[in-house]
Amino acid sequence: MKKVLKCYRRTLPTLFNLLFLLGFWLISATLVAMCVFNKPNRDLTKNSIVNTTTTAFTDFYDTLFSLLVLLTTTNHPDILIPPYNGNRGTAIFSIVYLGVGLYVLLNILTAAVYSEFSGYLMSSVQTRLMRRRVATRAAFEVLKYEHK
186 MKKVLKCYRR TLPTLFNLLF LLGFWLISAT LVAMCVFNKP NRDLTKNSIV
236 NTTTTAFTDF YDTLFSLLVL LTTTNHPDIL IPPYNGNRGT AIFSIVYLGV
286 GLYVLLNILT AAVYSEFSGY LMSSVQTRLM RRRVATRAAF EVLKYEHK
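Those letters in the sequence shown? Residues 186 to 333, by the numbering used here.
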């Protein structure tokens, strides 16, 4: 248990930096989605405002949660199809958001965690081998002095 806590303590600074970057990406995408896609559309034939706002991007916390779910699971139709019906620009937003979030940020996060844990594993194996050599040498020293 002590080794696991030590490994977590070594990994947390890198992990917090990347989680901060991911949080910044989520918040900025939430603000963009709310500002761009939460506007009522004009019906040009009747010169009136048609309320086509969807429930996906109306509230900050709901939008943030929806985009977090979209980034971490595969609920693409549940989250982005209703806004897409109201505004076709959601497709560009979807491609950019998922491209940067999934294929850049989450891969960097996974690579950083793997790198930290593999570095810890390598140092742990080296320490274990060094202790084993020291113990073997000490055992031979004891045997050497007993035979004299």
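Yeah, the Cβ is synthetic: ideal placement off N, Cα and C, and Gly gets one too.
May I have the straight-line CA-CA distance separating residue i from residue j, to the nearest angstrom?
| i | j | result |
| --- | --- | --- |
| T243 | I266 | 15 Å |
| G274 | L216 | 15 Å |
| V289 | T199 | 16 Å |
| N270 | D247 | 19 Å |
| S251 | L287 | 15 Å |
| C220 | K188 | 47 Å |
| L249 | L211 | 7 Å |
| V310 | R316 | 10 Å |
Closer than 7 Å by C-beta to residue i: which residues in its own chain qualify, once you throw out the five before and the five after it? Chain order, please.
| i | result |
| --- | --- |
| V254 | N260, I264 |
| L305 | It should be noted that the sequence gives Tyr, not Leu, for residue 305. Same-chain partners within the cutoff: C192, R195. |
On a Cα-Cα basis, can you pick out the residue from the options that is closest to residue i?
| i | options | result |
| --- | --- | --- |
| R194 | F278, V298, A324, L211 | V298 |
| L256 | S279, V319, F325 | S279 |
| D294 | N202, M219, V327 | Reading off the sequence, residue 294 comes out as Leu, not Asp. For the residues N202, M219, V327, the minimum Cα distance to L294 belongs to N202. |
| N292 | L206, L306, A276 | L206 |
| F245 | A218, L328, V327 | A218 |
| C192 | V285, F302, N272, A324 | F302 |
Give every residue of the same chain whose Cβ lies closer than 6 Å to the Cβ of residue i, excluding the five residues on either side of it in the sequence, and list them in chain order.
| i | result |
| --- | --- |
| Y282 | A214 |
Drop a sphere of 10 angstroms on the beta-carbon of residue i, count the other beta-carbons inside from all chains shown, and report buried for 16 or more, exposed for fewer.
| i | result |
| --- | --- |
| S300 | exposed |
| P262 | exposed |
| F153 | Residue 153 falls outside the range modelled here, since the chain spans only 186 to 333, and no answer is possible. |
Runs of alpha helix (DSSP H) lying entirely within the segment 228 to 297, each at least 4 residues, in chain order = 245 to 257, 261 to 271, 275 to 285
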